[in-house]
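Residues in the sequence shown are numbered from 11 upward in steps of one, following this note's numbering. No residue lacks a Cβ here, since even glycine has one placed at the ideal position from N, Cα and C. Structure record follows, encoded as structure tokens.
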Amino acid sequence: SILLDVKPWDDETDMKEMENQVRTIEMEGLLWGASKLVPVGYGINKLQIMCVIEDDKVSVDLLTEKIQEFEDFVQSVDIAAFNKI
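Put into structure tokens, the structure is as follows:
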């Protein structure tokens, strides 16, 4: 499982829409999990979202690149935690 930190551009970013966009990403071997908004300061929240991937089917680099393609919403994507099962 992977915990991703998805950071918006500013406090005016529609975080619900950003999460909806991220969850539209579908790949064989990818399962989205729980998410929450975490304050980072100055009224800005980041989206923390869990996902489970199958190593041999999903590239983490490709997944983060796909999230960053939502450039109207997403400033950056970081891996907060990575657990191999």
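- Excluding its 5 nearest sequence neighbours in each direction, Asn55 has C-beta neighbours in its own chain below 7 Å: Met25, Leu47, Val48, Pro49, listed in chain order.
- Pairing Glu64 with Leu41, the inter-Cα distance amounts to about 9 Å.
- In this structure, the straight-line span from the alpha carbon of Ser11 to that of Met28 is close to 21 Å.
- Met60 sits close to Gly43, with the two beta carbons spaced by under 7 Å.
- As the crow flies, the alpha-carbon of Val68 is around 35 Å from that of Tyr52.
- Asp88 sits in a strand when the DSSP states are folded into three classes.
- Between the alpha carbons of Trp19 and Lys94 lies a gap of roughly 30 Å.
- Within a 10 Å sphere around the beta-carbon of Phe92 sit fewer than 16 other beta-carbons, which makes this residue exposed.
- Annotation for Met60: the continuous beta strand (DSSP E) segment containing it runs 54–63.
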